[in-house]
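Top line first, the protein sequences correspond to chains A and B. Per our numbering, residue 1 is the first one in the first sequence, and the count goes up by one each step. Per our numbering, residue 322 is the first one in the second sequence, and the count goes up by one each step. Each residue gets a CB set at the ideal place from its N, CA and C atoms; glycine is no exception. The structure displayed is predicted, hence computed values, not measured ones.
Number of protein chains: 2
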Amino acid sequence: MAERVLAGDRRAVARAISWVEDSADGLPALSEALYPNSGRAYTVGLTGSPGVGKSSLAAALVGAARARERTIAVLAIDPTSPFTGGALLGDRLRMQSHATDPGVFIRSMATRGHLGGMALAAPEAIRILDASGKDLIVVETVGVGQSEVEVVTATDTTLVVVSPGWGDAVQVAKAGILEIADVFVVNKADREGADDAVRDLHQMLRMGPKQAWTPPVVRTSTVTGDGIDDLWAAVERHRDHQESAGELARKRRARVFAEVQGMVAERLRRRVANILDGGSGEALAEDLAERRIDPYRAAALLLERMTDDDDTERTAGERDA
Amino acid sequence: MAERVLAGDRRAVARAISWVEDSADGLPALSEALYPNSGRAYTVGLTGSPGVGKSSLAAALVGAARARERTIAVLAIDPTSPFTGGALLGDRLRMQSHATDPGVFIRSMATRGHLGGMALAAPEAIRILDASGKDLIVVETVGVGQSEVEVVTATDTTLVVVSPGWGDAVQVAKAGILEIADVFVVNKADREGADDAVRDLHQMLRMGPKQAWTPPVVRTSTVTGDGIDDLWAAVERHRDHQESAGELARKRRARVFAEVQGMVAERLRRRVANILDGGSGEALAEDLAERRIDPYRAAALLLERMTDDDDTERTAGERDA
Numbered sequence: 001m002a003e004r005v006l007a008g009d010r011r012a013v014a015r016a017i018s019w020v021e022d023s024a025d026g027l028p029a030l031s032e033a034l035y036p037n038s039g040r041a042y043t044v045g046l047t048g049s050p051g052v053g054k055s056s057l058a059a060a061l062v063g064a065a066r067a068r069e070r071t072i073a074v075l076a077i078d079p080t081s082p083f084t085g086g087a088l089l090g091d092r093l094r095m096q097s098h099a100t101d102p103g104v105f106i107r108s109m110a111t112r113g114h115l116g117g118m119a120l121a122a123p124e125a126i127r128i129l130d131a132s133g134k135d136l137i138v139v140e141t142v143g144v145g146q147s148e149v150e151v152v153t154a155t156d157t158t159l160v161v162v163s164p165g166w167g168d169a170v171q172v173a174k175a176g177i178l179e180i181a182d183v184f185v186v187n188k189a190d191r192e193g194a195d196d197a198v199r200d201l202h203q204m205l206r207m208g209p210k211q212a213w214t215p216p217v218v219r220t221s222t223v224t225g226d227g228i229d230d231l232w233a234a235v236e237r238h239r240d241h242q243e244s245a246g247e248l249a250r251k252r253r254a255r256v257f258a259e260v261q262g263m264v265a266e267r268l269r270r271r272v273a274n275i276l277d278g279g280s281g282e283a284l285a286e287d288l289a290e291r292r293i294d295p296y297r298a299a300a301l302l303l304e305r306m307t308d309d310d311d312t313e314r315t316a317g318e319r320d321a
Numbered sequence: 322m323a324e325r326v327l328a329g330d331r332r333a334v335a336r337a338i339s340w341v342e343d344s345a346d347g348l349p350a351l352s353e354a355l356y357p358n359s360g361r362a363y364t365v366g367l368t369g370s371p372g373v374g375k376s377s378l379a380a381a382l383v384g385a386a387r388a389r390e391r392t393i394a395v396l397a398i399d400p401t402s403p404f405t406g407g408a409l410l411g412d413r414l415r416m417q418s419h420a421t422d423p424g425v426f427i428r429s430m431a432t433r434g435h436l437g438g439m440a441l442a443a444p445e446a447i448r449i450l451d452a453s454g455k456d457l458i459v460v461e462t463v464g465v466g467q468s469e470v471e472v473v474t475a476t477d478t479t480l481v482v483v484s485p486g487w488g489d490a491v492q493v494a495k496a497g498i499l500e501i502a503d504v505f506v507v508n509k510a511d512r513e514g515a516d517d518a519v520r521d522l523h524q525m526l527r528m529g530p531k532q533a534w535t536p537p538v539v540r541t542s543t544v545t546g547d548g549i550d551d552l553w554a555a556v557e558r559h560r561d562h563q564e565s566a567g568e569l570a571r572k573r574r575a576r577v578f579a580e581v582q583g584m585v586a587e588r589l590r591r592r593v594a595n596i597l598d599g600g601s602g603e604a605l606a607e608d609l610a611e612r613r614i615d616p617y618r619a620a621a622l623l624l625e626r627m628t629d630d631d632d633t634e635r636t637a638g639e640r641d642a
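Laid out in structure tokens, this is it:
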């Protein structure tokens with residue numbers, strides 16, 4: 001499986017991402033085999049309110065990448081359901097023109113059984129696409145929910161998309177996604193109100209703290225194709241900025257370290273949940289409510305039981321070995 | 322110490338809350354001793370943007386409680402610093418008239434050393450005030466930050482305060498605190514724009530989902546004293562509503578259970594942090610960055626080390642015993 005992913009086999013890549021969605025048993029071994037071959041791809045996050053044209057923009061980035069002879073993957077994050085209707089189906093149709101291009105891989109992804117949620121699942125899927133040899137990986141979200149924002153900020157460059165009318169600059173401020181943008185995109189720039197959106201974003205940026213990198217505001221139209229080259233150039237400039245300052249390596253290092261801490265926290269949380277399932281949680285809640293046990297002692301008891309369970313697991317493991 | 326708190330000794334209560342702030346060693350024993358005597362007080366959370374008059378409203382509630390011969394404590398949550406300047410000092414001056422009243426206890430609180438943050442510290446402080454015999458406990462926040470919202474929603478009735486001009490209805494929507502209100506308070510209702518604020522809130526409530534309890538919108542003025550009795554009555558109605566439906570006991574039970582899970586998660590997080598401190602975290606980050614180890618194995622290693630540390634701790638404990 002790992003070999004086929006590394007060779008860029010489309011069906012193997014698709015299956016590996018399904019493994020991530022389902023937290024399949026084979027995943028840790030696959031992850032271990034792929035990891036040394038990851039880290040070459042550049043990752044771009046794409047977020048913004050529904051309706052601003054993120055999918056069309058992703059399709060435009062696919063075209064821009066192929067025109068530059070770069071390979072590209074698009075991972076569309078769907079936090080709710082494995083089978084979304086309109087939006088993602090629409091993407092796929094729009095990207096049909098790339099359907100037979102081996103340099104392009106498009107995939108939507110849900111967290112069907114991945115217990116760590118999208119925040120832990122997405123980086124794994126990105127690493128699979130990375131190891132499969134794609135130069136650029138675009139991660140697109142449906143909306144601007146908290147878990148989606150978490151996912152797109154765990155990329156090298158985060159694009160925040162607005163469009164006149166739909167989710168303009170004020171929406172960006174309300175959604176709390178002003179701070180996460182490395183590049184702002186005012187899409188549907190052929191429409192009325194685009195100037196206002198650009199001006200509002202510049203004004204909000206002036207009000208914020210001075211930073212080493214000021215997010216540029218790029219106007220695009222996926223209808224006319226205007227501004228797509230500017231967007232590509234803005235991403236490249238951000239990449240150069242980060243690479244020259246050593247920032248990119250630092251960010252990536254911090255990201256994978258945080259991911260491991262997230263994995264540990266998730267596994268511990270699951271152990272606690274296992275202990276609390278099966279009646280003992282109910283009994284503990286009852287003891288707390290009846291004031292037979294205080295919160296400190298209840299917490300200490302749970303921690304003790306976790307350690308006991310560890311011993312049981314390990315003894316079982318040793319017996320098997 | 323526990324006996325003095327139970328007797329309502331002001332200095333002991335103040336000191337016990339300082340213990341909470343500092344995560345003092347004596348805290349678990351104190352918590353255990355006080356817990357059987359908690360659960361009698363009714364708790365009210367008070368939140369809203371800075372400047373809407375929360376402190377004046379808390380002072381008005383103190384007056385209303387004393388007029389009804391109820392004892393009351395006000396806990397002002399300060400998420401940032403143990404020594405805030407203007408705002409909290411202002412409160413204290415305004416509440417001076419109650420300074421010598423043994424039925425009133427006012428205290429601001431920060432998380433100086435409490436590792437679980439305000440979300441874990443506040444319930445402990447509330448239990449101390451509860452065990453000290455106060456009938457009503459008002460928890461007031463400085464602003465509407467995430468941790469502050471967490472704290473005020475962990476009360477029996479949550480008041481969301483707005484005022485015309487400062488943080489009106491739109492601010493409430495932006496801050497995401499529309500959903501947490503059991504009662505809306507339009508304070509400074511003598512000012513222009515109060516009618517608009519009331520109307521906007523009613524409109525937002527109509528747009529939301531139908532619920533068993535519809536938050537009333539109460540107009541108050543702490544200058545004229547208008548509406549304070551209405552506010553008191555609204556809180557009583559919400560209390561009756563919850564008590565008649567068995568909701569209050571359910572909410573409280575779920576709250577303390579969630580608190581225990583939070584305590585366990587916090588202690589586990591700290592164990593992981595301890596392992597990662599002292600160089601081994603740096604080494605692990607390096608191994609990950611250099612791709613000598615993959616995230617799955619890194620997480621497994623950390624979990625193993627945690628279990629080993631448990632054994633060491635326990636062995637040491639057994640030796641001591």
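Residue-level contact to chain A via CB, B:Ala-619, 7 Å cutoff: yes
Identity of the residues DSSP links to A:Tyr-42 by a beta bridge: A:Leu-136
Interface flag, B:Val-581 vs chain A, CB-CB below 7 Å: At least one chain A Cβ lies under 7 Å of B:Val-581.
C-beta neighbour in chain B for A:Asp-195, strict 7 Å: no
Sequence-distant residues of the same chain with beta carbon closer than 8 Å to A:Asp-190, five excluded per side: Ser-221, Val-223, Thr-224, Asp-226
Closest Cα partner of A:Val-5 within the set A:Ala-289, A:Arg-270, A:Val-217, A:Arg-127: Closest by alpha carbon: A:Arg-127.
Under 7 Å from the C-beta of A:Met-263: neighbouring residues of chain B: Pro-616, Ala-620
Residues of its chain near A:Leu-302, where Cβ-Cβ distance is below 8 Å and the 5 sequence neighbours each way are ignored: Val-272, Ile-275, Leu-276, Leu-284
Beta carbon of A:Leu-201 nearer than 7 Å to that of A:Val-217: Pairing A:Leu-201 with A:Val-217 gives a Cβ-Cβ distance under 7 Å.
The beta strand (DSSP E) enclosing A:Leu-27, as first and last residue numbers: Per DSSP, A:Leu-27 belongs to no beta strand (DSSP E); it is in the alpha helix (DSSP H), 27 to 34.
Beta-carbon neighbours of B:Leu-382, restricted to chain A and to distances below 7 Å: Within chain A, no residue comes near B:Leu-382; the closest Cβ sits about 27 Å away, beyond 7 Å.
Amino acids of chain B, ordered along the chain, whose beta-carbon sits closer than 7 Å to that of A:Arg-4: Per Cβ cutoff of 7 Å: no residues; A:Arg-4 is ~18 Å from chain B at best.
Sequence-distant residues of its chain with Cβ nearer than 7 Å to A:Asp-9 (five each side left out): none
Cβ contact (3+ pairs, closer than 8 Å) linking the stretch 360 to 369 of chain B and the stretch 471 to 481 of chain B: yes
A:Pro-209, buried or exposed, once every other Cβ within 10 Å from all chains shown has been counted against 16: exposed
Beta carbon of A:Gly-165 nearer than 7 Å to that of A:Pro-50: The answer is no: Cβ separation not under 7 Å.
Neighbouring residues, chain B, relative to A:Glu-247 (Cβ below 8 Å): Contact note: A:Glu-247 does not reach chain B at a C-beta cutoff of 8 Å; the least C-beta distance is about 14 Å.
Chain A within 7 Å of B:Leu-609, Cβ atoms only: At least one chain A Cβ lies under 7 Å of B:Leu-609.
CB contact check: A:Val-256 to chain B, cutoff 7 Å: yes
Backbone secondary structure at A:Arg-255 - three-state DSSP: helix
Cβ-based contacts, 7 Å cut-off: residues of the stretch 348 to 377 of chain B near chain A: Those would be Pro-349, Ser-352, Glu-353, Tyr-356, Pro-357, Gly-360, in chain order.
Bridge partners - A:Leu-75, DSSP secondary structure assignment: A:Arg-107, A:Val-139
Collapsed DSSP secondary structure at B:Val-472 in the structure displayed: helix
Strand pairing of B:Val-544, partner residues [DSSP]: Under DSSP, B:Val-544 shares a beta bridge with no residue.
C-alpha distance - A:Glu-32 paired with B:Glu-611, whole-angstrom precision: Each residue's CA atom was taken as its position, placing A:Glu-32 and B:Glu-611 some 13 Å apart.
Where B:Thr-535 sits in the DSSP three-state scheme: coil
Neighbour flag for A:Leu-302 against chain B, beta carbons, 7 Å: yes
B:Leu-513 versus B:Val-482 - alpha carbon distance: The question names Leu, but residue 513 of chain B is Glu in the sequence shown. Cα to Cα, B:Glu-513 sits roughly 16 Å from B:Val-482.
Cβ of A:Ala-122 within 7 Å of any chain B Cβ: no
is_contact[A:Arg-253, chain B] using C-beta, thresh 7 Å: yes
Burial state of B:Met-584 (16 or more Cβ within 10 Å): buried
Cβ neighbour criterion (16 or more within 10 Å) applied to A:Thr-100: exposed
Residues bridged to A:Thr-307 (per DSSP): Answer by DSSP bridge pairing: none, since A:Thr-307 is not bridged.
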